[in-house]
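For reference, the structure discussed in these notes is given below.
There are 4 protein chains.
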Amino acid sequence: MRRLDPVKHEEKRQEILAAAKTCFARDGFKGLSIADICQEAGISPGHLYHYFDSKDAILDAVGAAALEEGARQFAQLVQSGNALSAIATVIEEAKQRNLRTDFILFLQWAAETHRNPKLAAKLREMSKTTRSILANFLAKGQQNGLIDPTLDPEIAATVLFGILDGVRMMTVRDPKLDMPKILDAIKILVRRFLQPATGASAPRS
Amino acid sequence: MRRLDPVKHEEKRQEILAAAKTCFARDGFKGLSIADICQEAGISPGHLYHYFDSKDAILDAVGAAALEEGARQFAQLVQSGNALSAIATVIEEAKQRNLRTDFILFLQWAAETHRNPKLAAKLREMSKTTRSILANFLAKGQQNGLIDPTLDPEIAATVLFGILDGVRMMTVRDPKLDMPKILDAIKILVRRFLQPATGASAPRS
Amino acid sequence: MRRLDPVKHEEKRQEILAAAKTCFARDGFKGLSIADICQEAGISPGHLYHYFDSKDAILDAVGAAALEEGARQFAQLVQSGNALSAIATVIEEAKQRNLRTDFILFLQWAAETHRNPKLAAKLREMSKTTRSILANFLAKGQQNGLIDPTLDPEIAATVLFGILDGVRMMTVRDPKLDMPKILDAIKILVRRFLQPATGASAPRS
Amino acid sequence: MRRLDPVKHEEKRQEILAAAKTCFARDGFKGLSIADICQEAGISPGHLYHYFDSKDAILDAVGAAALEEGARQFAQLVQSGNALSAIATVIEEAKQRNLRTDFILFLQWAAETHRNPKLAAKLREMSKTTRSILANFLAKGQQNGLIDPTLDPEIAATVLFGILDGVRMMTVRDPKLDMPKILDAIKILVRRFLQPATGASAPRS
DNA sequence: CATGAATGAGCATTCATTCAT
DNA sequence: TATGAATGAATGCTCATTCAT
């Protein structure tokens with residue numbers, strides 16, 4: 691007598707989701723077909739419906755995963771070190787092909803929030819969490835005298851977060867930009883923004 | 691038998707394109723149908739094919755228009771005044787609903803460049819042009835001593851451009867952010883970034 | 691410039707309905723497919739949906755038509771003559787193949803009313819109308835002294851109507867029955883049922 | 691290794707058949723699915739195929755059972771009493787909900803005989819048997835002088851049987867009919883039909 | 001120029017059936 | 001005996017595209 695194995699079920703679900711993500715990255719909303727996902731996942735069309743109720747359900751899951759993945763990666767970076775170096779890391783990684791692809795997937799789902807309130811809520815929540823992590827670091831930095839105390843940590847975090855999105859947008863707009871130089875400029879930008887104002891201000895760079 | 695009137699022909703083409711843009715904004719890639727565009731444009735499906743060869747042709751045109759529109763608006767702003775106030779203007783307009791919609795449309799097309807080399811080239815070109823305009827202003831500012839001469843104008847322009855994208859992404863991530871406060875912070879950010887380093891620097895806020 | 695022609699549209703609709711009826715008679719609920727109807731009607735599957743919203747809409751229309759047809763045929767018979775001879779006519783026609791087929795179609799739709807309230811209402815209404823026609827004849831017969839005045843015309847009409855259904859059920863149960871003999875017996879049955887009671891009752895044939 | 695237990699096997703078969711009948715009554719030909727039957731019967735789809743070769747096999751069995759059930763009930767009634775009171779009983783029971791449902795099931799299978807010769811043979815045979823039982827009673831009644839001797843017992847039985855179907859059709863056509871009144875009329879009808887013609891006939895009501 | 005009837009390939013989805021366990 | 005994961009052919013339906021008028 692066989693029993694339902696929820697672990698295997700969930701594993702298969704994730705496999706299918708991964709296949710769907712691959713297909714979505716390749717084909718976008720227009721070209722994505724159940725048949726393609728099934729081929730990619732190595733299952734039959736009928737079987738796919740044991741794991742997902744509909745194509746929309748798959749898309750929602752792919753979208754949610756894309757948004758979560760974006761936040762997760764960032765949160766990991768920030769939590770495992772200094773916020774500023776985390777920003778630098780993100781910038782450096784922005785050059786990598788797969789991260790660029792991930793960001794492009796993210797863009798499509800961010801746009802899709804315009805039509806999908808559930809996804810919109812998820813994106814808002816994810817962004818809030820990430821911003822909070824950043825804001826905490828900034829607040830600590832202010833206590834240590836490393837960061838301009840006149841800045842509102844929450845607002846400054848939002849701005850820094852925006853800069854990260856901006857950097858990643860650069861690579862979408864033009865993948866051939868001279869990112870090392872830009873990274874240096876961003877570092878200057880961030881330092882000047884966060885640096886406390888000193889009477890005898892340190893020489894600038 | 692009537693003669694072809696190229697002017698009227700082009701007008702109609704633009705009408706259809708506008709209708710397609712409206713439908714695309716409403717329905718996205720998934721839900722966009724020729725029938726809907728025809729209804730929106732008030733013409734019959736057969737007639738639409740006098741103006742466009744295929745659905746893809748319409749989509750390409752809508753995408754190209756979306757990318758061009760983004761650049762055009764920015765160029766107008768910048769050319770008609772001071773670069774910094776132009777940035778402020780863009781930021782302030784980011785709050786407006788239709789600009790947010792336009793940016794979401796732009797996002798989808800930016801993502802689509804991943805699959806469409808022609809669009810990718812267009813986006814790269816548009817971004818380059820805009821960046822150059824910005825770089826020119828910065829260079830002039832440096833000549834006038836208003837802007838830190840140690841900055842590479844091209845790189846700094848890229849960074850500022852990225853900040854604009856980042857600001858607009860903020861409103862996509864969370865439409866309820868306190869944008870006026872953020873705008874103030876951005877102004878500080880930009881000022882500190884561009885400001886020439888002077889021994890007796892103006893007080894910092 | 692072509693105009694919508696509602697007449698042609700309705701004609702085509704009826705053609706498709708006829709094709710659907712043919713297929714339904716051949717295949718029943720189980721085997722009925724849109725593809726078959728299209729082949730029978732000589733149109734493409736896509737085109738069928740210009741005339742009907744869904745397969746269910748077609749089935750509903752076929753069902754309604756089947757119920758209406760049943761009532762229409764009967765009403766015509768009854769209105770064009772004497773009620774009793776009409777019954778005889780129906781009985782005689784029950785032998786004919788196509789009428790038997792029509793009745794079998796009717797049976798399926800009558801059964802379907804169990805699941806379809808709209809159809810149920812239609813069947814009830816149709817039956818009511820037919821019964822009323824019959825009841826009127828009986829009432830007139832009573833005024834003329836040809837029919838037992840102690841009978842409630844409405845109830846008697848219902849019973850006679852039931853007998854008609856019963857006769858048609860006979861041919862479904864066993865198509866090889868000796869219908870002429872049965873017809874004679876039914877005539878006796880009906881005569882004895884409706885005949886006024888006379889003190890010196892006429893010899894009973 | 692357990693041995694096959696033919697008794698248990700048959701019991702399970704009947705359970706499944708009962709489940710299938712329930713589902714068929716609920717969903718009809720269109721909506722009936724193996725999955726539903728399995729859920730209703732509390733077994734797995736794979737297991738069902740130990741008892742039936744195919745869905746069609748189940749349907750055939752359900753159909754045969756429905757036809758047999760109809761005849762069986764009637765035969766019981768008739769055999770255990772007087773034929774006329776049996777008819778009255780059937781009529782009275784026609785009001786009951788489950789009998790109405792049974793008759794509707796019967797209708798669908800009667801219609802299905804149009805496409806299924808095996809079922810057609812079964813229906814013919816069942817009807818013949820029931821008719822014979824009725825005919826025997828009528829013949830006995832004729833010998834006892836209770837029934838008009840000029841009637842052909844076989845034909846009269848067929849007619850009475852038809853009336854029963856007709857009565858049941860009434861409740862399908864309109865469940866809100868005044869059945870008690872109709873029942874009285876049917877009793878009059880039957881009495882007048884079967885009553886021997888006597889010079890000094892009993893008063894007619 | 002303009003229509004909308006007509007097409008048919010393509011798609012998501014269902015479901016009877018099989019089979020490894 | 002019993003399960004339910006897995007299959008894949010079949011089905012209803014959509015929609016970009018064509019064409020007679």
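Chains as they are written, first to last, in my numbering: chain A, 691 to 895; chain B, 691 to 895; chain C, 691 to 895; chain D, 691 to 895. Glycine is no exception: its CB is placed at the ideal position from the N, C-alpha and C atoms. If you're wondering where the values come from, they're calculated on a predicted model, not measured in any experiment.
Spell out whether any CB of chain C is found under 9 Å from the CB atom of residue i.
{"i": "residue 895 of chain D", "result": "Because residue 895 of chain D sits at a pLDDT of 41, beneath the cut-off of 50, its placement in the model cannot be relied upon, and the point is left open."}
{"i": "residue 849 of chain D", "result": "yes"}
Any C-beta of chain A sitting closer than 9 Å to the C-beta of residue i?
{"i": "residue 866 of chain B", "result": "yes"}
{"i": "residue 824 of chain B", "result": "no"}
{"i": "residue 768 of chain B", "result": "no"}
Could you give the C-beta distance for residue i and residue j, rounded to a whole number, given that I count them as a contact under 8 Å?
{"i": "residue 753 of chain D", "j": "residue 719 of chain C", "result": "Contact flag wrong, Cβ pair sits at about 13 Å."}
{"i": "residue 864 of chain C", "j": "residue 818 of chain D", "result": "7 Å"}
{"i": "residue 848 of chain A", "j": "residue 867 of chain B", "result": "7 Å"}
{"i": "residue 896 of chain B", "j": "residue 828 of chain B", "result": "Within the shown structure, residues of chain B are numbered from 691 to 895, placing residue 896 of chain B beyond reach of any answer."}
{"i": "residue 824 of chain C", "j": "residue 768 of chain C", "result": "6 Å"}
{"i": "residue 873 of chain A", "j": "residue 783 of chain A", "result": "At roughly 11 Å, the Cβ-Cβ gap does not stay under 8 Å, so residue 873 of chain A and residue 783 of chain A are not in contact."}
Is it right to say residue i is buried, meaning 16 or more other beta carbons lie within 10 angstroms of its own, or is it exposed?
{"i": "residue 840 of chain C", "result": "exposed"}
{"i": "residue 798 of chain D", "result": "buried"}
{"i": "residue 737 of chain A", "result": "exposed"}
{"i": "residue 875 of chain D", "result": "buried"}
{"i": "residue 804 of chain D", "result": "buried"}
{"i": "residue 843 of chain C", "result": "buried"}
{"i": "residue 743 of chain B", "result": "exposed"}
{"i": "residue 834 of chain D", "result": "exposed"}
{"i": "residue 802 of chain A", "result": "buried"}
{"i": "residue 806 of chain B", "result": "buried"}
{"i": "residue 725 of chain B", "result": "exposed"}
{"i": "residue 800 of chain B", "result": "buried"}
{"i": "residue 732 of chain C", "result": "exposed"}
Residue i: which of the options sits nearest, CA to CA?
{"i": "residue 730 of chain A", "options": "A/869, A/714, A/820 and A/699", "result": "A/714"}
{"i": "residue 696 of chain C", "options": "C/727, C/708, C/721 and C/740", "result": "C/740"}
{"i": "residue 796 of chain A", "options": "A/737, A/886, A/724 and A/711", "result": "A/711"}
{"i": "residue 786 of chain B", "options": "B/707, B/704 and B/861", "result": "B/861"}
{"i": "residue 808 of chain D", "options": "D/734, D/883, D/747 and D/709", "result": "D/747"}
{"i": "residue 851 of chain A", "options": "A/869, A/835, A/832 and A/880", "result": "A/880"}
{"i": "residue 816 of chain C", "options": "C/875, C/763, C/744 and C/873", "result": "C/763"}
{"i": "residue 758 of chain B", "options": "B/813, B/878 and B/838", "result": "B/813"}
{"i": "residue 780 of chain A", "options": "A/877, A/708 and A/733", "result": "A/877"}
{"i": "residue 791 of chain A", "options": "A/837, A/727, A/858 and A/704", "result": "A/858"}
{"i": "residue 707 of chain C", "options": "C/856, C/871, C/751 and C/887", "result": "C/751"}
{"i": "residue 885 of chain A", "options": "A/855, A/838, A/853 and A/831", "result": "A/838"}
{"i": "residue 788 of chain A", "options": "A/822, A/853, A/870 and A/756", "result": "A/756"}
{"i": "residue 709 of chain A", "options": "A/734, A/700, A/727 and A/853", "result": "A/727"}
Nearest chain D C-beta to residue i closer than 9 Å, yes or no?
{"i": "residue 758 of chain C", "result": "no"}
{"i": "residue 765 of chain C", "result": "no"}
{"i": "residue 715 of chain C", "result": "yes"}
{"i": "residue 846 of chain C", "result": "yes"}
{"i": "residue 831 of chain C", "result": "no"}
{"i": "residue 853 of chain C", "result": "yes"}
{"i": "residue 879 of chain C", "result": "yes"}
Using a beta-carbon distance below 9 Å, is residue i in contact with chain B?
{"i": "residue 891 of chain A", "result": "Caution is warranted here: a pLDDT of 43 is assigned to residue 891 of chain A, below 50, making its placement in the model unreliable, and the coordinate value is therefore given only provisionally. Yes, its Cβ sits closer than 9 Å to a Cβ of chain B."}
{"i": "residue 782 of chain A", "result": "no"}
{"i": "residue 818 of chain A", "result": "yes"}
{"i": "residue 720 of chain A", "result": "yes"}
{"i": "residue 802 of chain A", "result": "yes"}
{"i": "residue 928 of chain A", "result": "Any property of residue 928 of chain A remains undetermined from this structure, which presents chain A solely from 691 to 895."}
{"i": "residue 792 of chain A", "result": "no"}
{"i": "residue 753 of chain A", "result": "no"}
{"i": "residue 871 of chain A", "result": "yes"}
{"i": "residue 691 of chain A", "result": "Note that residue 691 of chain A scores a pLDDT of 39, beneath 50, so its modelled location is shaky and nothing firm can be said."}
{"i": "residue 777 of chain A", "result": "no"}
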